[in-house]
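Undergrad:
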Amino acid sequence: MVFVHGFLSSPSVWSQFVDLLADDDALSGVVVHTFAYESPLYSPKPTRRIPRIDDAADSLRTFLTHDLADATRLVLVTHSQGGLVVQRSLARMLADGDDALLGRIRRVVMYACPNAGSDLALGLRRTMLRRNPQEAELRPLHAAVVDAQRLVLNRIVHAPGNHLRIDAYAGESDGVVPPASARSVFPHAEVLPGDHSSIIRPDSHRHRSYVVLRRALLDVDHHPDDGRRDTTSRAGGTDHTGGTRRADGAVPAPRMPDGEPTSEEYQALVDLLLDVPGMVTPDFRQLLIGLLPDRVAPHLPRNSAARPDLVGVLTTLWRYRHLGAWVAFGEAVVVLVPHHPAAVEARRRMMELHGPGPAEGQGRAEGQGSQSGRSG
Numbered sequence: 001m002v003f004v005h006g007f008l009s010s011p012s013v014w015s016q017f018v019d020l021l022a023d024d025d026a027l028s029g030v031v032v033h034t035f036a037y038e039s040p041l042y043s044p045k046p047t048r049r050i051p052r053i054d055d056a057a058d059s060l061r062t063f064l065t066h067d068l069a070d071a072t073r074l075v076l077v078t079h080s081q082g083g084l085v086v087q088r089s090l091a092r093m094l095a096d097g098d099d100a101l102l103g104r105i106r107r108v109v110m111y112a113c114p115n116a117g118s119d120l121a122l123g124l125r126r127t128m129l130r131r132n133p134q135e136a137e138l139r140p141l142h143a144a145v146v147d148a149q150r151l152v153l154n155r156i157v158h159a160p161g162n163h164l165r166i167d168a169y170a171g172e173s174d175g176v177v178p179p180a181s182a183r184s185v186f187p188h189a190e191v192l193p194g195d196h197s198s199i200i201r202p203d204s205h206r207h208r209s210y211v212v213l214r215r216a217l218l219d220v221d222h223h224p225d226d227g228r229r230d231t232t233s234r235a236g237g238t239d240h241t242g243g244t245r246r247a248d249g250a251v252p253a254p255r256m257p258d259g260e261p262t263s264e265e266y267q268a269l270v271d272l273l274l275d276v277p278g279m280v281t282p283d284f285r286q287l288l289i290g291l292l293p294d295r296v297a298p299h300l301p302r303n304s305a306a307r308p309d310l311v312g313v314l315t316t317l318w319r320y321r322h323l324g325a326w327v328a329f330g331e332a333v334v335v336l337v338p339h340h341p342a343a344v345e346a347r348r349r350m351m352e353l354h355g356p357g358p359a360e361g362q363g364r365a366e367g368q369g370s371q372s373g374r375s376g
C-alpha cells in the first residue's frame, strides 16, 4: 500500500493511519509505503523550481515501477492533491499503454480530493501563489485535471470488465474541498466525518476513515486476481490514449465515446450560467434542481459555492441525459429567467452540446418544466 500526501504536506501526515495498520492483526500482510514529492509554498532559490503535478505523477510512476517492482498488488491511498497526482499518473500510464503497471494497481482510495477544484480563498491564492504551478491545478475546471479525469473515468472506472476500483471520500465538514468537489463524478463516492485535515487522522480502529480503508484492503486481499485487465485498445488506428491517430501521426485530445463536452466547453457553459440572474445563490440553484426529473435530482451534488456546484451538476446531468436531465436543465433555466439573454444562450448552448435528436425521457423532462409537474 502506498500513501500519497497532498498540497503543502508530507508523508508524516499519515502517521496515525500507519500506527493503526501496524496494530491490526487482520492486515499483518500489508506492507506500508509512503511516497513523497515536493510541495512547498514557494521556492526561495531561483535555480530550484516547484514540481508540477505532471512531474509528481511521473515520479510516482517511477517509484511504483522500480522501488516497488516486486509488489504484485498495489493499493494507492491519497489525501487532497495526492488524488490528482494519482489520477494524472494513471492517465499517463493509459496513454503509454503501460499495462504491466496498471495491472498491479488494484485499488485507489482518495480522501478529500479536489476533483472539481477548490474555491477557498481563490482570489488570494491567485495573487499570493501565482507562481505555484501546483496551486493553479487546484482551481475549478483546470483543463489538465479534467482531461486526466475524463480518461480515467472512460478507460478505468466505466470500462467493461475493469476491476480497478476508485473510491472517493469527502469530509462532511470540509471547507477546503467541499463534498461536491471531493465526490464529483466518481460512482463510488461517500461522505465521512471530519474536515480537510481530520479526515485522515483516525484516532482508533473504529474511526470511519480507518474502517473504509481497512475494508478496501481486505477486499483486495480476498480477490487477488481482480486487478488483471486490459485497459488499452489496439483495434484499427486507435492509439493508447483512446483518440484516433491522424495522418500526421498526432493524436487529438481524448474524448468520451458519448461525446461528453470538453473541459473548455464545460468552462464556457459555467461562465454563461453564472451570468444568469440569481445563479450565484444556492436557493436559486435549488429551484432549478426542483424542476429536474425525480430520478436525477437525488444524484446531484450540493455546494454553496456556485462554480464548483455548477461543475458537479453539469457533469452529473450529462451522465443522466438519457433521462432528459441535460435538456430539462436548459429548459428550467429559461422557465425561471425567461427572455434573459444569458439564460436563452445557455439553453441554446446546452442543446447544441446535446446534439440532434430527442433524448430518451425528454418528453417527461419537459413536462416537469414547472413545479406542478412533480408528484406530491
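If you count by the UniProt record's numbering, then the sequence shown holds residues 1 to 376, one letter each, in order. Ideal Cβ placement from N, Cα and C applies to all residues, glycine included. Since this is a predicted model, take the numbers as computed values, not measurements.
Is Thr316 closer than 7 angstroms to His299 when the C-beta atoms are compared?
TA: For the purposes of this step, residue 299 is taken as the residue at position 299 of the sequence shown. For the purposes of this step, residue 316 is taken as the residue at position 316 of the sequence shown. A contact, by the Cβ cut-off of 7 angstroms.
Undergrad: Taking the alpha-carbon of Ser9 as reference, which of Ala100, Leu102, Pro179 and His196 has the nearest alpha-carbon?
TA: As a first step, residue 9 is located in the sequence shown; it is residue number 9 there, counting from the start. That would be His196, whose Cα lies nearest to the Cα of Ser9.
Undergrad: Any contact between the segment 165-183 and the segment 97-110? By contact I mean 3 or more CB pairs, one from each, below 8 angstroms.
TA: yes
Undergrad: In chain order, what are the residue ranges of uninterrupted beta strand (DSSP E) at least 3 long that sit wholly in the segment 76-114?
TA: 105-111
Undergrad: Between Ala325 and Leu292, how many whole angstroms is the CB-CB distance? I'm expecting something under 8 angstroms.
TA: For the purposes of this step, residue 325 is taken as the residue at position 325 of the sequence shown. For the purposes of this step, residue 292 is taken as the residue at position 292 of the sequence shown. Going by Cβ atoms, the distance from Ala325 to Leu292 rounds to 6 angstroms, so yes, they are a contact pair.
Undergrad: Could you round the C-beta distance between Val335 and Tyr320 to whole angstroms and report it? I think they count as a contact, below 8 angstroms.
TA: Taking the first residue of the sequence shown as position 1, residue 335 is located at position 335. Taking the first residue of the sequence shown as position 1, residue 320 is located at position 320. In fact, because the Cβ distance is near 19 angstroms, the residues do not count as touching under 8 angstroms.
Undergrad: Using 10 angstroms around the beta-carbon of Thr78, count the other beta-carbons present and answer buried if the total reaches 16, otherwise exposed.
TA: Mapped onto the sequence shown, residue 78 falls at position 78. The residue in question, Thr78, is buried, as its Cβ has 16 or more Cβ neighbours within 10 Å.
Undergrad: Is it right to say Glu19 is buried, meaning 16 or more other beta carbons lie within 10 angstroms of its own, or is it exposed?
TA: If you number the sequence shown from 1, residue 19 lands on position 19. It is Asp, not Glu, that sits at residue 19 in the sequence shown. Looking at its Cβ environment, which holds fewer than 16 other Cβ atoms inside 10 Å, Asp19 is exposed.
Undergrad: Using the three-state DSSP reduction, which class does residue 377 fall into: helix, strand or coil?
TA: Since the first residue shown for the chain is 1 and the last is 376, residue 377 is missing from the structure and cannot be characterised.
Undergrad: For the putative contact between Val333 and Arg347, defined by C-beta atoms under 8 angstroms, what is the C-beta separation to the nearest angstrom?
TA: As a first step, residue 333 must be located in the sequence shown, where it is residue number 333. As a first step, residue 347 must be located in the sequence shown, where it is residue number 347. So it is a contact: roughly 6 angstroms between Cβ atoms.
Undergrad: Go through its chain and collect everything with a Cβ distance to Val276's Cβ below 7 angstroms, but skip five positions before and after it.
TA: In the sequence shown, residue 276 corresponds to position 276, counting from 1. Take Val276, set aside five residues on each side of it, and the residues of its chain with a beta-carbon closer than 7 angstroms to its own are Val333, Val337, His340, Ala342, Ala343 and Ala346, in chain order.
Undergrad: Helix, strand or coil: how does DSSP classify Asp239 here?
TA: The sequence position of residue 239 within the sequence shown is 239, counting from 1. Residue confidence is low: Asp239 scores 37 on pLDDT, short of 50, so the model does not pin down where it sits. Its coordinate-derived value is still stated next. Reduced to three states, the DSSP call for Asp239 is coil.
Undergrad: Kindly indicate which residue of Pro51, Val86 and Ala36 has the alpha-carbon position closest to the one of Trp114.
TA: For the purposes of this step, residue 114 is taken as the residue at position 114 of the sequence shown. For the record, residue 114 in the displayed sequence is Pro; it is not Trp. Closest option to Pro114, Cα to Cα, is Val86.
Undergrad: Check whether the segment 80-97 and the segment 58-70 are in contact - that is, three or more C-beta pairs closer than 8 angstroms.
TA: Touching, yes, given that three or more Cβ pairs across the two stretches are closer than 8 angstroms.
Undergrad: Using 10 angstroms around the beta-carbon of Ala247, count the other beta-carbons present and answer buried if the total reaches 16, otherwise exposed.
TA: Here residue 247 refers to the residue found at position 247 when the sequence shown is read from its first residue. For Ala247, the predicted model reports a pLDDT of 38, less than 50, meaning its position is unreliable; a value from the coordinates is still stated below. Classification for Ala247: exposed.
Undergrad: For Leu84, is the beta carbon positioned less than 6 angstroms from some heavy atom of the ligand FMN?
TA: As presented, the structure is devoid of all ligands, the ligand FMN included, so that no description of it is given.
Undergrad: Going by DSSP, name the residue or residues bridged to Gly171.
TA: Your numbering for residue 171 matches position 171 in the sequence shown. According to DSSP, Gly171 shares a beta bridge with Leu192.
Undergrad: Measure from the alpha carbon of Arg88 to the alpha carbon of each residue in Pro193, Ala57 and Ala71, then state which is nearest.
TA: What you label residue 88 is simply residue 88 of the sequence shown in a count that begins at 1. When only C-alpha atoms are compared, the closest one is Ala57.
Undergrad: Pick out whichever of Gln81, Met1 and Pro11 has its Cα sitting closest to the Cα of Thr72.
TA: Indexing the sequence shown from 1 puts residue 72 at position 72. Here the closest residue by C-alpha is Met1.
Undergrad: With which residues is Arg214 paired in a DSSP beta bridge?
TA: As a working note, residue 214 is residue 214 in the sequence shown. Paired residue(s): none; Arg214 is not in a bridge.
Undergrad: Quick one: what's got a C-beta closer than 8 angstroms to Met351's C-beta in the same chain, skipping five residues either side?
TA: Taking the first residue of the sequence shown as position 1, residue 351 is located at position 351. Answer for Met351: Val327 and Gly330, listed in chain order.
Undergrad: Do Pro160 and Asn303 have their CB atoms nearer than 7 angstroms?
TA: For the purposes of this step, residue 160 is identified with residue 160 of the sequence shown, where counting begins at 1. For the purposes of this step, residue 303 is identified with residue 303 of the sequence shown, where counting begins at 1. In this structure, Asn303 does not lie closer than 7 angstroms to Pro160 by Cβ.
Undergrad: Cβ atoms of His5 and Gly82: under 7 angstroms apart, would you say?
TA: As a working note, residue 82 is residue 82 in the sequence shown. As a working note, residue 5 is residue 5 in the sequence shown. Their beta carbons are under 7 angstroms apart, which means Gly82 touches His5 by this criterion.
Undergrad: Let's test the definition: count the other Cβ atoms within 10 Å of the Cβ of Ala116 and tell me whether it reaches 16, buried, or not, exposed.
TA: The residue given as residue 116 occupies position 116 in the sequence shown. With 16 or more neighbouring CB atoms inside 10 Å of its own CB, Ala116 falls in the buried class.
Undergrad: Strictly by DSSP, which residues pair up with Phe35?
TA: Looking up residue 35 in the sequence shown gives position 35. Val4, per the DSSP bridge assignment.
Undergrad: Of the residues Leu218, Leu76, Ser15 and Phe7, which one's Cα is nearest the Cα of Ile50?
TA: Sequence index remark: in the sequence shown, residue 50 carries index 50 (1-based). Ranking Leu218, Leu76, Ser15 and Phe7 by Cα distance to Ile50 puts Phe7 first.
Undergrad: How many Å lie between Ser15 and Phe186 at the Cα?
TA: For the purposes of this step, residue 15 is taken as residue 15 along the sequence shown, with counting starting at 1. For the purposes of this step, residue 186 is taken as residue 186 along the sequence shown, with counting starting at 1. Taking the straight line from one Cα to the other gives about 27 angstroms.
Undergrad: Rounded to a whole number of angstroms, what is the C-alpha to C-alpha distance between Gly312 and Gln267?
TA: For this step, residue 312 is matched to residue 312 along the sequence shown. For this step, residue 267 is matched to residue 267 along the sequence shown. When rounded, the distance between both Cα atoms is 12 angstroms.
Undergrad: Taking the Cβ atom as the reference point for each residue, do Ser280 and Ala305 lie within a distance shorter than 7 angstroms?
TA: Stepping through the sequence shown from its first residue, residue 280 is reached at position 280. Stepping through the sequence shown from its first residue, residue 305 is reached at position 305. Reading off the sequence shown, one finds Val at residue 280, where the question assumed Ser. Cβ distance not < 7 angstroms, so Val280 and Ala305 don't count as in contact.
Undergrad: Spatial neighbours of Arg364 within its chain, please: CB distance less than 7 angstroms, with the 5 preceding and 5 following residues excluded, ordered by chain position.
TA: To locate residue 364, count along the sequence shown from 1; it is residue 364. For Arg364, the predicted structure reports a pLDDT of 36, less than 50, and the residue's modelled location is therefore unreliable. A value from the coordinates is still provided. Once the five neighbours on either side are set aside, the close Cβ partners of Arg364 are Pro293 and Gly324.
Undergrad: In terms of alpha-carbon separation, which member of Tyr111, His66 and Asp67 lies closest to Ser80?
TA: Start at 1 with the first residue of the sequence shown, and residue 80 comes out as number 80. Checked all of Tyr111, His66 and Asp67; the closest Cα to Ser80 is Tyr111.
Undergrad: Can you pull the DSSP bridge partners for Arg165?
TA: Translated into positions along the sequence shown, residue 165 becomes position 165. Its beta-bridge partners are Arg107.
Undergrad: Provide the residue span of the alpha helix (DSSP H) that contains Met350, from first to last.
TA: Here residue 350 is taken as the residue at index 350 of the sequence shown, counted from 1. Met350 -> alpha helix (DSSP H) spans Pro341 to His354.
Undergrad: Please name the residue, chosen from Ala180, His158 and Ile199, that lies closest to Gly171 on a Cα-to-Cα basis.
TA: Taking the first residue of the sequence shown as position 1, residue 171 is located at position 171. With distances taken between Cα atoms, Gly171 lies closest to Ile199.
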